[in-house]
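A quick write-up on the structure given underneath.
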Amino acid sequence: MSSTPESKPSAMHTDNKKVPLPTSMPDSISLDKWADTGYEWSGEVEPSAFKRLALILATEHEQEKIQLSASLYRRNNVLHLAFTLTGQVWLTCQRCLQPVSIDLSDDFNIALLEKEGQVRLVNEEQDYLLLDEIITEQSPEKLLPFKKLVEDEILLKTPMSPKHDDCEMTVEQFGEIPEEEETENPFAALASLKGKL
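Each residue of the sequence shown is one higher than the one before, counting from 1 in UniProt numbering.
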């Protein structure tokens, strides 16, 4: 963590005020405390730590930890949550039912808008969310659901029906496949009459 204000999402600077990093990924970030000064967290996360993701993980393959580096910063008077994921998860192939690796590595940057009027301050291609829509928990301090937002992006990156690129589903055949008898086309007789009438 750092209390240094950030101007670039990729920069991870620290100043003389060193704050110990929490060893596990925080569920939420206090916006009352960090929105103006900036916040950073990096570490490894078990895929099973995300409850919704855990439901679709393949149990036949050992999951590796995902590397995560995140930064909360303010630029042009707009709050941003930027994070980088590095790693993969194993899901179940919907064809052969064997584990398939899904790469999650990517950079994400979400503008967190305090009011709708701030939309004009972000680029057209920039992803944004309204803070009032994502902070639903009533508490004395304003808590950004950090873990949930990261999990949302992971779930958007995972395919709904994961499959191996070169998957050939094994099909067991029981008995012989009967040969289809050639039947006469009922319209063949009409076609022959067409020229005669």
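Where a beta carbon is used, it is the ideal one built from N, C-alpha and C, also for glycine. Quick caveat, the model's predicted, so the values are computed rather than measured.
Cβ-based neighbour list, residue i, same chain, cut-off 8 angstroms, excluding 5 preceding and 5 following
i	result
P145	D27, S28, I134, I135, E137
D32	E141, K142
Within 7 angstroms, strictly: CB atoms of residue i and residue j
i	j	result
P162	L72	no
S30	S69	no
E60	P99	yes
E44	Q67	yes
L131	E114	yes
L81	L121	no
D106	L79	no
R95	C167	yes
Residue i: first and last residue of the uninterrupted alpha helix (DSSP H) it sits in
i	result
A54	51-54
residue 212	Beyond the ends of the chain as shown, which are 1 and 197, falls residue 212; an answer cannot be given.
E151	146-157
L31	31-34
Expected contact under 8 angstroms - CB spacing of residue i and residue j to nearest Å
i	j	result
D103	Q88	5 angstroms
Q63	L55	Actually they are not in contact, since the Cβ atoms of Q63 and L55 sit about 13 angstroms apart, beyond 8 angstroms.
Sequence-distant residues of the same chain with beta carbon closer than 7 angstroms to residue i, five excluded per side
i	result
E151	F50, R52, L53
Close beta carbons around residue i, own chain, < 6 angstroms, minus the five adjacent residues each side
i	result
Q118	V78
F108	F83, E153
Opening and closing residue of the beta strand (DSSP E) in which residue i lies
i	result
D107	106-113
Q118	Q118 -> no beta strand (DSSP E), and no H or E assigned at all.
D103	99-103
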